[in-house]
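Structure first, commentary second.
Residue numbers (this note's numbering): 7 to 553.
Dropping the structure here:
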């Protein structure tokens, strides 16, 4: 189905190739994951499957790419679109029509399919987004937009479906739902599925084989069960093995378990670990401790109602009340469209509540001048590119200090660049560095301000394992007295970093507790579309309490 022979590609103006003498075979009906560190060439590789490379991106291509019997270099993108469905990393750029139903139907309509409306309805139903059909695209959350882009690709009924990070910006429940859908397509239609993925658990559960890229070349292509036995090699390439595999490896070393093949799934790990007698019987998780420090942020019965183009105003936050103390590390979690980003925007002062009140250190945010809020609040949005306004990262970090007469401004900029590992990137344009570097620079901009409150929206999205670990470490450097609130679907980050978890569902707070208590609350997890981290699910399977 997909055949690449000695493929190399160099982007216009680049000094070295993004793909190097790459050969690969993917059979019809296969479910293949492509992994590798940020910048290894994953997105460039799948663009050759669609014809975007070399037709839309006209660099230098050598070698042969055959997909569904077509030589991609000799076949137009329009013709390839009949055979290859594609959801790119920047999926927002694929949404072309105002109304969701029209956008999903747009591809099959362009191909002359008389049943384009029926195809769109089936595709939206398949991704669990039927209720979005009449909505306006730009009124959706990022995760909801991702589902719409996926539905648009499915509506084409392609022989090959290529998705660059299917789980990006999706809550855990929706991520698993999308992968189950892909598995059904593969079984029922024989669709060849190719995904770029950083989440080992999803690869293990659903994929047949794993292609590991390193510096633009295929290091190997192996069955999943074999691939994840090479933990050290995967880690060097930016893919962490499943958490249960990592735990089993440590326990096996200490307990002398002689099983040669490490488990990849929770059930298999439980069978291996139970005989070792690990852990202690599970105890009830502790209740959330009352904040001993004074409140920094207070929300009182906050309501946010947004106007829509065609329907009645939509209530996205409904009576939210929270008290957040100085120095707390708070994770805001919930399903796509639950209101997380809307709540974060209210805390920045960029949006005003329709009802209720928000106070920062006793001051009503709605009545506080923006320049005063900028002294006390730093916000890193979902798309960190929005943080970069100047020609260099150093200038972006220094931008806040312009005209403020702060005596140690130069030292604070220098320290932020150094602490976040940006000395060598200070003169680079922040919009032109890698995803991990961009997020480091965005955090440096926030840290240099020395704010009382830092707001981070999906700080680890689309990062490989090494970059996620690095960003988590950098978040911890923001200071013990700094209050940090993150909105995230990364439950490993939430479990390991947060001191408190606030769960949103349909604009309401349904839980406000410790991470342990949150992930032990089955009802709240089910209602909010959250899946507990692998380590905690393994502990539950073993009947032990993780320490």
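By construction, the Cβ of each residue, glycine as well, lies at the ideal position given by its N, Cα and C atoms.
Notebook entry, point to check: Alpha carbon to alpha carbon, what distance is there between residue 12 and residue 30?
Noted result: For the purposes of this step, residue 30 is taken as the residue at position 24 of the chain shown. For the purposes of this step, residue 12 is taken as the residue at position 6 of the chain shown. Residue 30 and residue 12: Cα-Cα distance of roughly 9 Å.
Next item on the list: State the start and end residues of the unbroken beta strand (DSSP E) segment that holds residue 385.
Entry: On the chain shown, residue 385 is found 379 positions in, with the first residue counted as 1. Run containing residue 385: 383-386, per the beta strand (DSSP E) assignment.
Checklist line | CB contact check: residue 454 to chain D, cutoff 8 Å | finding: You won't find chain D in this structure, because it holds only one protein chain.
Check: Whole alpha helix (DSSP H) runs in the stretch 316-395 with 4 or more residues, listed along the chain?
Finding: Correct list: 346-354 and 376-382.
Check: DSSP on residue 135, reduced to helix/strand/coil?
Finding: As a position in the chain shown, residue 135 is number 129, starting the count at 1. Coil, per DSSP.
Notebook entry, point to check: DSSP on residue 313, reduced to helix/strand/coil?
Noted result: For this step, residue 313 is matched to residue 307 along the chain shown. Reduced to three states, the DSSP call for residue 313 is coil.
Note to self: When you compare the CB positions of residue 471 and residue 204, do they come within less than 8 Å of one another, or not?
What the structure shows: In the chain shown, counting from the first residue as 1, residue 471 sits at position 465. In the chain shown, counting from the first residue as 1, residue 204 sits at position 198. Yes, the Cβ-Cβ distance between residue 471 and residue 204 is below 8 Å.
Next item on the list: Kindly provide the ranges of any beta strand (DSSP E) runs that are 3 or more residues long and lie completely inside the stretch 474-512, ordered along the chain.
Entry: The beta strand (DSSP E) runs lying completely inside the stretch 474-512 and spanning 3 residues or more are 489-493 and 506-511, given in chain order.
Margin query: Could you tell me the alpha carbon to alpha carbon distance between residue 146 and residue 343, rounded to whole angstroms?
Written below: Your numbering for residue 146 matches position 140 in the chain shown. Your numbering for residue 343 matches position 337 in the chain shown. Distance between the alpha carbons of residue 146 and residue 343: 7 Å.
Notebook entry, point to check: Got a sec: does the ligand ADP put a non-hydrogen atom nearer than 7 Å to the Cβ of residue 251?
Noted result: Absent from the structure shown: the ligand ADP. Ligands present: none.
Checklist line | Same chain, Cβ closer than 8 Å to residue 117, five either side skipped, listed in chain order | finding: The residue labelled residue 117 in the question sits at position 111 within the chain shown. The residues are 87, 88 and 162.
Note to self: Under 8 Å: do the stretch 224-239 and the stretch 64-73 share three or more Cβ pairs, one atom per stretch?
What the structure shows: No, the stretch 224-239 does not touch the stretch 64-73.
Note to self: Just to confirm, is the Cβ distance from residue 142 to residue 170 under 8 Å?
What the structure shows: One-based indexing of the chain shown puts residue 142 at position 136. One-based indexing of the chain shown puts residue 170 at position 164. Not a contact, by the Cβ cut-off of 8 Å.
Next item on the list: Locate the alpha helix (DSSP H) running through residue 207, then write down its first and last residues.
Entry: Within the chain shown, residue 207 is the residue found at index 201, counting from 1. Here the alpha helix (DSSP H) through residue 207 covers 206-212.
Checklist line | Assigned secondary structure, residue 536 (DSSP; H/G/I helix, E/B strand, else coil) | finding: Here residue 536 is taken as the residue at index 530 of the chain shown, counted from 1. It is coil, neither helix nor strand.
Next item on the list: Tell me the start and end of each unbroken alpha helix (DSSP H) in the stretch 47-105 that is at least 4 residues and wholly inside, in chain order.
Entry: With a minimum length of 4 residues, the continuous alpha helix (DSSP H) runs that stay inside the stretch 47-105 are 48-56 and 83-86.
Check: Where does residue 144 land, buried or exposed, given buried means 16+ other C-beta within 10 angstroms?
Finding: The residue you call residue 144 lines up with position 138 of the chain shown. By the 10 Å Cβ count, residue 144 comes out exposed.
Item checked: Extent of the continuous beta strand (DSSP E) run through residue 460 -> Residue 460 sits at position 454 when you count from the first residue of the chain shown. Element bounds for residue 460: 459-463.
Margin query: If I follow the unbroken alpha helix (DSSP H) through residue 31, where does it start and stop?
Written below: On the chain shown, residue 31 is found 25 positions in, with the first residue counted as 1. Segment 25-32 is the beta strand (DSSP E) holding residue 31; no alpha helix (DSSP H) there.
Check: To which residues of the same chain is residue 179 closer than 8 Å at the C-beta, ignoring the five residues directly before and after it?
Finding: Here residue 179 refers to the residue found at position 173 when the chain shown is read from its first residue. For residue 179, same chain residues with a beta-carbon under 8 Å away, outside a window of 5 residues either side, are 341, 535, 536 and 537 in chain order.
Notebook entry, point to check: Between which two residues does the beta strand (DSSP E) carrying residue 423 extend?
Noted result: What you label residue 423 is simply residue 417 of the chain shown in a count that begins at 1. Judged by DSSP secondary structure, residue 423 falls outside any beta strand (DSSP E) and instead within the alpha helix (DSSP H) spanning 415-425.
Margin query: Considering Cα atoms alone, identify which of 319, 498 and 302 is closest to residue 309.
Written below: Residue numbering aside, residue 309 sits at position 303 when the chain shown is read from its first letter. Nearest C-alpha to residue 309: 319.
Notebook entry, point to check: Is it a yes or a no for the stretch 452-467 touching the stretch 487-507, going by three-plus beta-carbon pairs under 8 Å?
Noted result: Result yes; three or more Cβ-Cβ pairs closer than 8 Å.
Check: Of all the options 408, 333, 444 and 438, which has the alpha carbon lying nearest to the alpha carbon of residue 386?
Finding: In the chain shown, the residue the question calls residue 386 occupies position 380. Comparing Cα positions, the closest option is 444.
Item checked: From 339, 122, 84 and 56, residue whose alpha carbon lies closest to that of residue 72 -> On the chain shown, residue 72 is found 66 positions in, with the first residue counted as 1. Ranking the options by Cα distance to residue 72, first place goes to 56.
Next item on the list: Whole angstroms is fine: what's the gap from residue 35's alpha carbon to residue 94's?
Entry: The sequence position of residue 35 within the chain shown is 29, counting from 1. The sequence position of residue 94 within the chain shown is 88, counting from 1. Approximately 21 Å between the Cα atoms of the pair.
Check: Which class does residue 456 belong to by DSSP, given the choice of helix, strand or coil?
Finding: Taking the first residue of the chain shown as position 1, residue 456 is located at position 450. Look at residue 456 here: in three-state DSSP terms it is coil, with no helix or strand label.
Checklist line | Three-way DSSP call (helix, strand, coil) for residue 518 in this model | finding: For the purposes of this step, residue 518 is taken as the residue at position 512 of the chain shown. For residue 518, the three-state secondary structure derived from DSSP is strand.
Margin query: Rounding to the nearest angstrom, what Cα-Cα distance links residue 25 and residue 62 in this structure?
Written below: Locating residue 25 in the chain shown gives position 19, where the first residue counts as 1. Locating residue 62 in the chain shown gives position 56, where the first residue counts as 1. Distance between the alpha carbons of residue 25 and residue 62 is about 17 Å.
Notebook entry, point to check: Measuring CB to CB, does residue 459 end up less than 8 Å from residue 302?
Noted result: For the purposes of this step, residue 459 is taken as residue 453 along the chain shown, with counting starting at 1. For the purposes of this step, residue 302 is taken as residue 296 along the chain shown, with counting starting at 1. Contact flag set, yes.
Note to self: Closest to residue 539 by C-alpha separation, out of 361, 271 and 299, would be which residue?
What the structure shows: For the purposes of this step, residue 539 is taken as the residue at position 533 of the chain shown. Checked all of 361, 271 and 299; the closest Cα to residue 539 is 271.
Check: Buried or exposed: where does residue 369 fall if 16 or more other Cβ atoms within 10 Å of its Cβ makes it buried?
Finding: For the purposes of this step, residue 369 is identified with residue 363 of the chain shown, where counting begins at 1. Exposed, because fewer than 16 other Cβ atoms sit within 10 Å of the Cβ of residue 369.
Next item on the list: Could you say which of 450, 9, 462 and 437 lies nearest to residue 339 if we only look at CA atoms?
Entry: Position 333 of the chain shown, counted from the start, is the residue given in the question as residue 339. Residue 462 is the option with its Cα nearest to residue 339.
Check: Taking contact to mean at least 3 C-beta pairs separated by less than 8 Å, is the stretch 190-200 in contact with the stretch 152-167?
Finding: Taking one beta carbon from each stretch, the stretch 190-200 and the stretch 152-167 have 3 or more pairs nearer than 8 Å; the two touch.
Next item on the list: Report yes if the C-beta distance between residue 219 and residue 48 is below 8 Å; otherwise report no.
Entry: In the chain shown, residue 219 corresponds to position 213, counting from 1. In the chain shown, residue 48 corresponds to position 42, counting from 1. It is a contact, given that the beta carbons lie within the stated cut-off.
Item checked: Beta-carbon contacts of residue 423 that lie in its chain and below 7 Å, excluding the five residues immediately before and after -> By one-based count along the chain shown, residue 423 stands at place 417. Correct list, in chain order: 400, 403, 429, 432 and 450.
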